[in-house]
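**Student:**
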Amino acid sequence: GEDVEQSLFLSVREGDSSVINCTYTDSSSTYLYWYKQEPGAGLQLLTYIFSNMDMKQDQRLTVLLNKKDKHLSLRIADTQTGDSAIYFCAERNNQAGTALIFGKGTTLSVSS
Amino acid sequence: GAVVSQHPSRVICKSGTSVKIECRSLDFQATTMFWYRQFPKKSLMLMATSNEGSKATYEQGVEKDKFLINHASLTLSTLTVTSAHPEDSSFYICSARASGGRSYNEQFFGPGTRLTVL
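Sequences listed follow chains X and A, in order. Sequential numbering from -19 applies to the first sequence in the working numbering. Sequential numbering from 224 applies to the second sequence in the working numbering.
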């Protein structure tokens, strides 16, 4: 079945880069997403990548996709305390109306 | 950008009562809405897929008679937790998928509803 795995915790210092990793199993996944969830809040879409892309950059965020290894990563440059949150990796295939399959989320803790 | 609202944001109820949660797409039409449940420190679990004008599709293990879903219009889906029990306490999040256009790839999430059953 489909499965998305993430490490549960990451702790970094302010100003450092953070790299959050994700692996997935569904080879038919066509879209892969990164969401951010702050305490008590809903999900905020950070970025997504189509499966025929290797990399996508958006300001401080860089997404790398290794489709062969089914590995996705999110790099946050110059991490700030406001980046402290839970980051969810999610996948979906290309079928219309398909829901997202989420990982358990990585809690990013940024210390000053 | 596309906005999805949920109401209420927080609800506390007594065991045995029913609670209705609304999910609205404010500036776009959504033929499909999804209801997720999030347990503490756990990922989101898809409960059901709601299509406008038709019956919802429930995931395995989700009781359709307990979690009633109605998608009456292209901008509104409701989740009713019937005869709520303390184990139903959770964070319920809806998402809406635009009918087409630029936002085809995206699901827009509501802010969530925190349900506490005493």
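For each residue, glycine too, the CB sits at the ideal point set by N, CA and C. Just so you know, these numbers come straight off a predicted model, no measurement behind them.
Rounding to the nearest angstrom, what Cα-Cα distance links Ser232 (chain A) and Thr301 (chain A) in this structure?
**Tutor:** Approximately 14 Å, taken between the alpha carbons.
**Student:** Do you know offhand how far Val90 (chain X)'s Cα is from Asn46 (chain X)'s?
**Tutor:** Between Val90 (chain X) and Asn46 (chain X), the C-alpha separation is close to 27 Å.
**Student:** Select from X:Gly62, X:Ile66 and X:Val43 the residue whose C-alpha is nearest the C-alpha of Arg55 (chain X).
**Tutor:** Taking only the C-alpha atoms, the option nearest Arg55 (chain X) is X:Val43.
**Student:** Buried or exposed, going by whether 16 or more other CB atoms sit within 10 Å of the CB of Asp250 (chain A)?
**Tutor:** The residue is exposed, with fewer than 16 neighbouring Cβ atoms inside 10 Å.
**Student:** Below 8 Å on the Cβ atoms is my contact criterion, and I expect Leu338 (chain A) with Ser313 (chain A) to pass it. Report the Cβ-Cβ distance as a whole number of Å.
**Tutor:** Yes, Leu338 (chain A) and Ser313 (chain A) are in contact; Cβ-Cβ is about 6 Å, under 8 Å.
**Student:** When the Cα atoms are used, what is the spatial distance from Ser(-9) (chain X) to Ile66 (chain X)?
**Tutor:** Each residue's Cα considered, the two are about 12 Å apart.
**Student:** Around the Cβ of Met270 (chain A), are there at least 16 other Cβ atoms within 10 angstroms (buried) or fewer (exposed)?
**Tutor:** Result: buried.
**Student:** Using a Cβ cut-off of 9 Å, pull out every chain A residue sitting near Lys16 (chain X), in sequence order please.
**Tutor:** Within chain A, no residue comes near Lys16 (chain X); the closest Cβ sits about 11 Å away, beyond 9 Å.
**Student:** Where does Asp63 (chain X) fall in DSSP's three states?
**Tutor:** Three-state result, Asp63 (chain X): helix.
**Student:** Whether or not the stretch 270 to 282 of chain A and the stretch 252 to 259 of chain A are in contact is what I'm after, with contact meaning three or more pairs of Cβ atoms, one per stretch, closer than 8 Å; do they touch?
**Tutor:** In short, these stretches touch, since the Cβ pair count reaches three.
**Student:** Where do the ends of the beta strand (DSSP E) carrying Asp49 (chain X) lie?
**Tutor:** That residue, Asp49 (chain X), is in no beta strand (DSSP E); it is neither H nor E in DSSP.
**Student:** Hey, Tyr15 (chain X) and Gln24 (chain X): beta-carbon distance below 8 Å or not?
**Tutor:** Yes, the pair counts as a contact, with Cβ atoms nearer than the cut-off.
**Student:** Using a Cβ-Cβ distance cut-off of 8 Å, determine whether Phe332 (chain A) contacts chain X.
**Tutor:** Cβ-Cβ to chain X under 8 Å: yes for Phe332 (chain A).
**Student:** Exposed or buried, which one is Gly335 (chain A) when buried takes at least 16 other CB atoms within 10 Å?
**Tutor:** Looking at its Cβ environment, which holds 16 or more other Cβ atoms inside 10 Å, Gly335 (chain A) is buried.
**Student:** Count the other CB atoms within 10 Å of the CB of Glu286 (chain A); is the residue buried (16 or more) or exposed (fewer)?
**Tutor:** The residue in question, Glu286 (chain A), is exposed, as its Cβ has fewer than 16 Cβ neighbours within 10 Å.
**Student:** Anything in chain X within Cβ reach of Ile316 (chain A), meaning under 8 Å, just list it in chain order.
**Tutor:** In chain order: Gly22 and Leu23.
**Student:** Give me the Cα-Cα distance between Val226 (chain A) and Glu(-6) (chain X), rounded to the nearest whole angstrom.
**Tutor:** So the alpha carbons of these two residues sit roughly 31 Å apart.
**Student:** Answer yes or no: does any C-beta atom of chain A fall closer than 8 Å to that of Phe(-11) (chain X)?
**Tutor:** It does not; no Cβ of chain A falls within 8 Å.
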